[in-house]
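Student:
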Amino acid sequence: MKRVLVVDDEPQLLRALQINLRAEGYTVAVAANGTQALHLAASNPPDVLVLDLGLPDMDGAEVIRGIRGWSEMPIVVLSARHGSTDKVEALDAGADDYVTKPFGLDELLARLRAVERRSAHIPLGGVVDAGGLLINLGAATVTRDGERVHLTPREWGVLQMLVANRGNLVTQRQLLQTVWGPAYSEESQYLRVYMAQLRRKLETDPARPKHLITEAGLGYRFEE
Numbered sequence: 001m002k003r004v005l006v007v008d009d010e011p012q013l014l015r016a017l018q019i020n021l022r023a024e025g026y027t028v029a030v031a032a033n034g035t036q037a038l039h040l041a042a043s044n045p046p047d048v049l050v051l052d053l054g055l056p057d058m059d060g061a062e063v064i065r066g067i068r069g070w071s072e073m074p075i076v077v078l079s080a081r082h083g084s085t086d087k088v089e090a091l092d093a094g095a096d097d098y099v100t101k102p103f104g105l106d107e108l109l110a111r112l113r114a115v116e117r118r119s120a121h122i123p124l125g126g127v128v129d130a131g132g133l134l135i136n137l138g139a140a141t142v143t144r145d146g147e148r149v150h151l152t153p154r155e156w157g158v159l160q161m162l163v164a165n166r167g168n169l170v171t172q173r174q175l176l177q178t179v180w181g182p183a184y185s186e187e188s189q190y191l192r193v194y195m196a197q198l199r200r201k202l203e204t205d206p207a208r209p210k211h212l213i214t215e216a217g218l219g220y221r222f223e224e
């Protein structure tokens, strides 16, 4: 059974999610604030974290950054904040997906299945040396000029698919269906956000990328 940690300061929502996720076969732990969330995540790490941003003791983005210091666990954000700035901040902090309130249970379950599928797409081996970048596909690690680069699970999912197909075009649809799932095959804005994040982390000049190449209207390509 997959273990999920749900963090939200709304007791009714927390209870409803606990009941419904258990009915779907998940083992569920709950927390009502960021401090509890960090403690539970460290003491008994879940398979996936469902996190509200508006917590009483700290912003959810702080929780994400705290967890990303030691864990790659998938994080799905739940938030009443609809602004693009909040979404970008959460994704930059290390969230894998962002669901706005109000939301349907079916939508949340689909997002959880998508981040779980992402975990199954790590290839078995191979090390790619692209100049200052050293990408270990088996260990799921990246170093740039000898220093380890932290990637979120979704960022890694995009990068590993491009690197595994290096030199060849990978279409937007292929990336979205593999990394996010079939329901997201038309959500090209997801890719734009994640490619921008990857270029900031991996390219010497993100505005003039040498490795992560855009094929306008088609998809992306990794060049060594």
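Under the UniProt record's numbering, the letters of the sequence shown match residues 1 to 224, in that order. We put the CB at the ideal spot given by N, CA and C, even for glycine. In this text the structure is predicted, and so the values were computed from the model without any measurement.
1. Roughly how many angstroms separate the alpha carbons of Asn33 and Leu49, rounded to a whole number?
2. Between Lys210 and the rest of its own chain, which residues show a CB-CB distance below 8 Å, the 5 nearest in sequence each way excluded?
3. Can you grab the Cα-Cα spacing for the pair Met195 / Glu155, in whole Å?
4. Between Ala139 and Val128, what straight-line distance do the alpha-carbon atoms span, to the nearest angstrom?
5. Could you have a look at Arg15 and say whether DSSP puts it in helix, strand or coil?
6. My output table needs one value for Arg144: the three-state DSSP class, helix, strand or coil.
7. What does Ser84 pair with, by DSSP beta-bridge criteria?
8. Pop quiz: Tyr184 and Ala114 are said to be a contact at Cβ under 8 Å. What is the actual Cβ separation, rounded to whole angstroms?
9. Going along the chain, which residues of its own chain have a beta-carbon closer than 7 Å to the beta-carbon of Leu133, five neighbours each way excluded?
10. Does Asp57 pass the burial test, meaning 16 or more other C-beta atoms within 10 Å, or should it be called exposed?
11. For the alpha helix (DSSP H) containing Thr35, list its first residue and its last residue.
12. Would Pro43 be called buried (16 or more neighbouring beta carbons within 10 Å of its own) or exposed?
13. Residues in the same chain with beta-carbon distance under 7 Å from Ile122, minus the five sequence neighbours each way, listed in chain order, please.
14. Touching or not, the segment 77 to 88 and the segment 97 to 109, by the rule of three or more beta carbon pairs under 8 Å?
15. If you draw a straight line from the alpha carbon of Pro153 to that of Gln12, how long is it in whole angstroms?
16. Kindly indicate which three-state DSSP category Val4 falls into: helix, strand or coil?
17. Can you have a look at Ala23 and say buried or exposed, based on whether 16 or more other CB atoms are within 10 angstroms of its CB?
18. Spatial neighbours of Arg148 within its chain, please: C-beta separation below 8 Å, excluding the five flanking residues on both sides.
19. Please classify Ala207: is it buried, with 16 or more other beta-carbons within 10 angstroms of its beta-carbon, or exposed?
20. So what's Pro171 in DSSP terms, helix, strand or just coil?
21. Kindly indicate which three-state DSSP category Ala130 falls into: helix, strand or coil?
Tutor: A quick look at the data gives this:
1. In this structure, the CA atom of Asn33 is about 13 Å from the CA atom of Leu49.
2. Closer than 8 Å at the Cβ level, and outside the excluded window around Lys210, lie Gly131, Glu203, Thr204, Glu223.
3. Going by the C-alpha atoms only, they are around 8 Å apart.
4. The straight-line gap from Cα to Cα measures roughly 12 Å.
5. In this structure, Arg15 counts as helix in the three-state DSSP scheme.
6. Strand at Arg144.
7. The partner list for Ser84 (beta bridge, DSSP) is empty, contrary to what the question assumes.
8. Confirmed, Cβ separation roughly 7 Å.
9. Counting only Cβ-Cβ distances below 7 Å, and skipping sequence neighbours, we find Val142, Arg144, Leu202, His211.
10. Within a 10 Å sphere around the beta-carbon of Asp57 sit fewer than 16 other beta-carbons, which makes this residue exposed.
11. Under the DSSP assignment, Thr35 falls in the alpha helix (DSSP H) whose first and last residues are 34 to 43.
12. According to the sequence shown, residue 43 is Ser rather than Pro. Per the 10 Å Cβ criterion, exposed.
13. Its pLDDT being 43, under 50, Ile122 is placed unreliably in this model, and the value from its coordinates should be taken loosely. Taking C-beta separations shorter than 7 Å and ignoring five residues to either side along the sequence, the partners of Ile122 in its chain run Ala140, Gln160, following chain order.
14. Result yes; three or more Cβ-Cβ pairs closer than 8 Å.
15. Per the coordinates, the alpha-carbon of Pro153 lies some 30 Å from the alpha-carbon of Gln12.
16. Strand, per DSSP.
17. Classification of Ala23: exposed, given that the 10 Å Cβ count is below 16.
18. So the list reads Thr141, Val142, once near-sequence residues are dropped.
19. When all chains shown are included, Ala207 counts as exposed.
20. Note that residue 171 is Thr in the sequence shown, not Pro. DSSP places Thr171 in strand when its eight states are reduced to three.
21. In the structure shown, Ala130 sits in a strand (DSSP, three-state: E or B).
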